[in-house]
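For the sequence shown, our numbering begins at 388 and goes up steadily by one.
Cβ coordinates follow ideal geometry from the N, Cα and C atoms, glycine included.
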Amino acid sequence: MIHSKLLYNHEIRSSSELILSPGQVGLLNGWGVFSTIKVVDGVLFAFARHWARMRRDAEVMRVLFPWTPEELEESLLRLVEANQAWNSTLRVTICRNRGTMWAGPVPATEIDLFAFTAERSDWGRAVRLGVVPNARYAASRFAGTKVMSWAMNLIWYEEAHAAGLDEVILLNERGEVSELTSANLFAEFGSQMRTPPLKSSGCLPGITRELLLEQIRVEGVEVVESVLTLDDLAAADGLFISSSTRDLLPVESIEGLSINHGDEMRQRLLVGYRAYQSSYVASAARRARRPA
388 MIHSKLLYNH
398 EIRSSSELIL
408 SPGQVGLLNG
418 WGVFSTIKVV
428 DGVLFAFARH
438 WARMRRDAEV
448 MRVLFPWTPE
458 ELEESLLRLV
468 EANQAWNSTL
478 RVTICRNRGT
488 MWAGPVPATE
498 IDLFAFTAER
508 SDWGRAVRLG
518 VVPNARYAAS
528 RFAGTKVMSW
538 AMNLIWYEEA
548 HAAGLDEVIL
558 LNERGEVSEL
568 TSANLFAEFG
578 SQMRTPPLKS
588 SGCLPGITRE
598 LLLEQIRVEG
608 VEVVESVLTL
618 DDLAAADGLF
628 ISSSTRDLLP
638 VESIEGLSIN
648 HGDEMRQRLL
658 VGYRAYQSSY
668 VASAARRARR
678 PA
């Protein structure tokens, strides 16, 4: 459940207020981009990376994205302050307002910015996964773009829960592992952690995935991109998923596969990840201000 205040075009409003219109093209067509950000002690963790991904996705989707990182971060931090959501999850969306014959009377702006905060979810200690074939088309020009049109992911996620699972692995048109509905996947082979490559798998460039590849350095652990198949997952020493809200969670089972449960490399990466997060938060230039 979202908190009582939301951000709408840089203004703090009530979450119960009727603001948006059916005539906004983005609402009818899922035409817009978004990101989900972890708030830690009033800091938007890895915000510059979220901003860069949204800007990149907005360019692909022909959605206006006019803010500097500082401008957008300041607005989002005011929302954190308004909801006193010092440790929470924040969703920010940029919605396109015009573009088809079905556009209606909407504000004069080309886009609308809206953001919400909510309590963090308890994802449990491990995940049970299903498999969905042909769920990602890696050759698409829109592959890897995080867009408002999210219904298919939600359906797969809902069906997973109905089947007693937590999430599903989405395969691309070649039967290769791409991602989950809202997380990336890693497989352990000795001291090497492998995750599907952006350019060929069709997966989203998750921020936690990006940090593990580019920023987190743990002695004796190498994190690389590599094509993965279901046979590779069965042969791996261990598996885990990553996302901004889940951090690094081990995989307990995959429907139809027998998997191994080695966990040493994940645990070592998790220590490094948490150390990086703590350092980031401690040195952050901007943070939500708690009341005196």
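Taking the beta strand (DSSP E) that MET580 falls in, what are its first and last residues? 579 to 582
Beta-carbon proximity list for PHE573, same chain, < 6 Å, skipping 5 on both sides: MET580, THR582, PHE627
Tell me, please, which residues DSSP counts as bridged to THR476. LYS425, ALA505
In terms of residue numbering, what span does the alpha helix (DSSP H) encompassing GLU458 cover? 456 to 470
In the DSSP assignment, the beta strand (DSSP E) including ALA574 goes from what residue to what residue? 571 to 576
Roughly how far, in whole angstroms, is the beta-carbon of LEU541 from the beta-carbon of ALA502, given that I think they are within contact range, below 8 Å? About 19 Å; that fails the 8 Å criterion.
Just tell me which of ASP553, ALA445, VAL610 has its CA closest to the CA of ALA513. ASP553
Runs of 3 residues minimum, wholly inside the stretch 388 to 426: which ones carry the beta strand (DSSP E) assignment? 392 to 395, 398 to 401
As assigned by DSSP and simplified to three states, the class of LEU451: coil
Local conformation of PHE627 per DSSP, three classes: strand
Do the CB positions of ALA472 and THR504 come within less than 8 Å of each other? yes
How would you write the range of the alpha helix (DSSP H) that GLY517 sits in, first residue to last? Run containing GLY517: none in the alpha helix (DSSP H); it sits in the beta strand (DSSP E), 514 to 523.
Check whether the stretch 512 to 527 touches the stretch 400 to 416, taking contact to mean three or more Cβ pairs, one atom from each stretch, closer than 8 Å. The answer is no - the stretch 400 to 416 does not touch the stretch 512 to 527, with fewer than three Cβ pairs under 8 Å.
Using the rule of at least 16 other Cβ atoms within 10 Å of the residue's Cβ for burial, across every protein chain shown, is GLY491 buried or exposed? Answer is exposed; the Cβ neighbour count stays below 16.
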